[in-house]
Amino acid sequence: SYLLESVHIILCPPTPNLLSILFVTMKTVAALCIATLVGSAAAFTPATFSGRTNTRVLSDVAVEEAAPVPVEEAPTEEAPVDVPYDVWANYVGGTDLRGKEFKFDPLKLSEAYPDNVMWFRECELRHGRTAMLAVLGFISTDFMRIPGDMYSFEAIPRTIDAHDALLKTGPMYQIALFIGLWDVLVTAPACKAMGDGEREPGDYGLYAFAPKTKEAFDKKRSSELLNGRLAMCAIGGIATQSVINGHGFPYI
Numbered sequence: 520s521y522l523l524e525s526v527h528i529i530l531c532p533p534t535p536n537l538l539s540i541l542f543v544t545m546k547t548v549a550a551l552c553i554a555t556l557v558g559s560a561a562a563f564t565p566a567t568f569s570g571r572t573n574t575r576v577l578s579d580v581a582v583e584e585a586a587p588v589p590v591e592e593a594p595t596e597e598a599p600v601d602v603p604y605d606v607w608a609n610y611v612g613g614t615d616l617r618g619k620e621f622k623f624d625p626l627k628l629s630e631a632y633p634d635n636v637m638w639f640r641e642c643e644l645r646h647g648r649t650a651m652l653a654v655l656g657f658i659s660t661d662f663m664r665i666p667g668d669m670y671s672f673e674a675i676p677r678t679i680d681a682h683d684a685l686l687k688t689g690p691m692y693q694i695a696l697f698i699g700l701w702d703v704l705v706t707a708p709a710c711k712a713m714g715d716g717e718r719e720p721g722d723y724g725l726y727a728f729a730p731k732t733k734e735a736f737d738k739k740r741s742s743e744l745l746n747g748r749l750a751m752c753a754i755g756g757i758a759t760q761s762v763i764n765g766h767g768f769p770y771i
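So the sequence shown is numbered by the numbering used here: it starts at 520 and just counts up by one.
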């Protein structure tokens, strides 16, 4: 039967209309196959941009890469300047009796022991104040005495003899006791406060007659130091003259 059909097709070819239909069908199938292949290849191809858009993006990147990035410079620390220590820079009392500059420190104690300058000032003020009271007391007792036979001119003719005479009768021990109590109750806490930076040397909070302005206050402080220094020299001279010639005021 297959042989007869083949002979029939050969001997009786199809009509032109049928051939056209077959041809069109083959072209359609071929076009579909080509389209399918092209779509499959495009799936593995990277997307591209238009020339204008691509140029703009690349130019922006180039500008960003070319723009300098500001760099914050680390602050440079200035090298510390080695300034020599000068105790006189903030030191009240560096003047003489005329008010002129007088930086007296022949042993260079302020340079050798800068941390102890406040203690030197505390001692200077304390000895100066004591010397001023001593000068006043030494001179006044040549003219008057407190009540009591042990303090009379008959018992102690000369002031210079009062120390030895009062040691025998006891008042000198009372004075030593009062000084010891003062040091325990007042001096020791004051020195601790000074060491802690809570108090200036020689400051006991007695401001009843203190000047109101800083300039006037510093002037009084300088006067106290000068008078105290003079009194320390004076009490030494008074005692020496009294022992040497045995005379009272004016000790000549």
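All C-beta atoms, glycine included, are put in the ideal place defined by N, C-alpha and C.
Take residue i and list the residues in its own chain whose beta-carbon comes closer than 6 Å to its own, dropping the five residues that flank it on each side.
i	result
Ala653	Ile754
Asp737	Val611
Gly765	none
Ser629	Val606, Val636
Alpha carbon to alpha carbon, how far is residue j from residue i? Give it in angstroms, no decimals.
i	j	result
Thr678	Asp615	31 Å
Ile757	Ser659	13 Å
Asp680	Leu744	30 Å
Lys739	Ser671	37 Å
His646	Gly721	11 Å
Gly699	Tyr692	11 Å
Thr732	Phe621	24 Å
Ile665	Ala608	46 Å
Thr772	Arg617	The structure shown does not extend to residue 772, since the chain is modelled only from 520 through 771, so no value can be given for it.
Met663	Glu673	12 Å
Leu704	Phe697	11 Å
Ala631	Phe623	15 Å
Pro690	Gly724	30 Å
Asp715	His682	38 Å
Lys619	Phe728	26 Å
Tyr726	Glu734	15 Å
Please say whether residue j and residue i have beta carbons closer to each other than 8 Å?
i	j	result
Ala684	Ile694	no
Gly767	Asp668	no
Val606	Pro625	no
Within its chain, find whatever has a CB closer than 7 Å to the CB of residue i; leave out the 5 residues flanking it on each side and keep chain order.
i	result
Lys687	none
Thr567	The pLDDT assigned to Thr567 is 48, lower than 50, so where the model puts this residue is not dependable, and the model offers no usable value.
Pro730	Phe736, Lys739
Ser741	Val611, Gly612, Thr614
Arg648	Gly747
Lys627	none
Trp701	none
Which residues in the same chain as residue i place their Cβ atom closer than 8 Å to its Cβ, once the five residues preceding and following it in sequence are excluded?
i	result
Tyr770	Gly756, Ile757, Gln760, Ser761, Asn764
Ala561	With a pLDDT of 47 at Ala561, under the threshold of 50, the modelled position of that residue is not reliable, and no figure is offered here.
Ala650	Gly747, Ala750, Met751, Ala753, Ile754
Arg718	Ala709, Ala712
Under 8 Å: do the segment 741 to 759 and the segment 639 to 657 share three or more Cβ pairs, one atom per stretch?
yes
Between the segment 706 to 724 and the segment 630 to 641, can you find at least three pairs of beta-carbon atoms closer than 8 Å?
yes
Quick one: complete beta strand (DSSP E) runs, 3+ long, within the segment 636 to 699?
none
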